[in-house]
Amino acid sequence: MMNCLRVGAGPTLVLVHGFLSGLTYWDKQVELFSASFDVVVFDLPGFGSNAEQTCPDTIENFADYVINKLSRLGIEEFHLIGHSMGGMIAQEIAIKIPDRVIGLVLYATGPVGSLPGRFEPIEYSIERVKTEGTHEVARDTVKTWFTEGEDDPDYASGIAMADQVKTESYINGLLAMSRWRALERLDKVEAKTLIIWPDSDRSYMWEQIESLWRGIKATNLAVVPQAAHNLHLEKSRIFNLLVVDFLKSDEVQHRLRCEECRPGDLV
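Heads up: the sequence shown begins at 19 in the working numbering, then just goes up one per residue.
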């Protein structure tokens, strides 16, 4: 199975999926984005076609995995989108290597990994996985990601992907989130940032979004009504337009041009 996809031409755009997901979660984005960008998507260890691996138990290790993979691909500077747990990974990347991230999109995510206000506490989910197994816990989780729950047309593929995740990876992913926090480090993010929040999200409450909005220096905020955690699947057209409009904005493009300039060049 393919665990990495690179398609299109232009500035590089890296998409990082979230917990229980994989690169195919971005299928509704890749075609449009690749018309303007060199799009890179891949499965994180423990998920998708990498489900046989055991995923890391820290967000920092996930971030290092992404950074190392991009370096092996010869990618130095890039735009970055992170969804949910992938948004935590994206924040960590933007803090670790601020000079390499040009435009940043943090989508349905937050800077506090314990997820205060989540539909059920992470610690409770971990205990349920240990006693009930992954399927029922995944089912209860994935259905909260859609406004229509199990009736959403993308629910079946979402739960099928979640069911591939091994118990150890499931627990490690939850532990990685619960142990991570970037709230006090957000001022280290230098990239121009777009924060996207679906207002019916049951994983990341408004307080998380507001913290990102106020904590990162240069931010724009988009709140999408009547959409749940998987906005990019439910209302892909709105999500896609928001992302492309932001990444093609004058401010992001100006930074991209500045990054490409050599000393002495005129901007």
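Glycine included, each C-beta is placed from N, C-alpha and C at the ideal position.
Residue i versus residue j: straight-line alpha-carbon distance, rounded
i    : j    : result
H250 : E145 : 30 Å
V262 : D205 : 25 Å
I291 : P134 : There is no way to answer for residue 291, as the model of the chain reaches only from 19 to 285.
G104 : A126 : 9 Å
R280 : L88  : With a pLDDT of 41 at R280, under the threshold of 50, the modelled position of that residue is not reliable, and no figure is offered here.
L284 : E208 : Per-residue confidence for L284 stands at a pLDDT of 35, beneath the threshold of 50, marking its modelled position as unreliable; the derived number appears in the next sentence. For L284 and E208, the distance between alpha carbons rounds to 22 Å.
D169 : H272 : 43 Å
I234 : L124 : 11 Å
G282 : P116 : For G282, the predicted model reports a pLDDT of 39, less than 50, meaning its position is unreliable and no value from the coordinates is stated.
T30  : S196 : 30 Å
G26  : T149 : 45 Å
R220 : E138 : 9 Å
D268 : S143 : 43 Å
A200 : V119 : 17 Å
H247 : P216 : 6 Å
P74  : A178 : 21 Å
L230 : F37  : 20 Å
I189 : V147 : 7 Å
K323 : G151 : For the chain, the structure presents residues 19 to 285; residue 323 sits outside this window and is missing.
V183 : T72  : 9 Å
G131 : L274 : 30 Å
Beta-bridge partners of residue i, as assigned by DSSP
i    : result
I99  : L33 and V123
R90  : R90 is not bridged to any residue.
V147 : Answer is none; V147 lacks a bridge partner.
V130 : R199
DSSP three-state assignment for residue i, whether helix, strand or coil
i    : result
F137 : coil
R157 : helix
F80  : helix
R118 : coil
K266 : coil
W198 : coil
D283 : The predicted model places D283 with a pLDDT of 39, which falls under 50 and marks its position as unreliable; any figure quoted below should be read in that light. Coil, per DSSP.
D56  : strand
V261 : helix
L62  : coil
T72  : coil
V25  : strand
L50  : helix
L212 : strand
N205 : The displayed chain sequence assigns Asp, not Asn, to residue 205. Note: D205 maps to helix in three-state DSSP.
D217 : coil
G40  : coil
E106 : A small correction: the amino acid at residue 106 is Met; Glu does not occupy that position in the sequence shown. Correct three-state label for M106: helix.
Any chain C beta carbon closer than 7 Å to residue i
i    : result
S221 : Note that chain C does not occur in the displayed structure, where there is just one protein chain.
Integer-rounded CB distance, given that residue j should sit under 8 Å from residue i
i    : j    : result
A33  : Q47  : Position check: residue 33 holds Leu in this sequence, whereas Ala was assumed. With a Cβ gap of about 7 Å, L33 and Q47 count as contacting.
I77  : E110 : 5 Å
L98  : N258 : Actually they do not touch by this definition, with Cβ atoms about 16 Å apart.
F80  : S39  : Wrong, their Cβ atoms sit about 13 Å apart, outside the cutoff.
T211 : L122 : 4 Å
A180 : I214 : Contact flag wrong, Cβ pair sits at about 22 Å.
I227 : V242 : About 12 Å; that fails the 8 Å criterion.
T165 : S218 : 6 Å
M106 : W198 : 6 Å
V59  : L41  : 4 Å
Any non-hydrogen atom of the ligand GDP within 6 Å of residue i CB
i    : result
L193 : Of ligands this structure carries none, so the ligand GDP is not represented either.
message: If we require 4 or more residues per run, which alpha helix (DSSP H) segments fall completely within the region 157-188?
response: 173-180
query: Which runs of the alpha helix (DSSP H) fall wholly inside the region 219-247 and span at least 4 residues, in chain order?
result: 224-233
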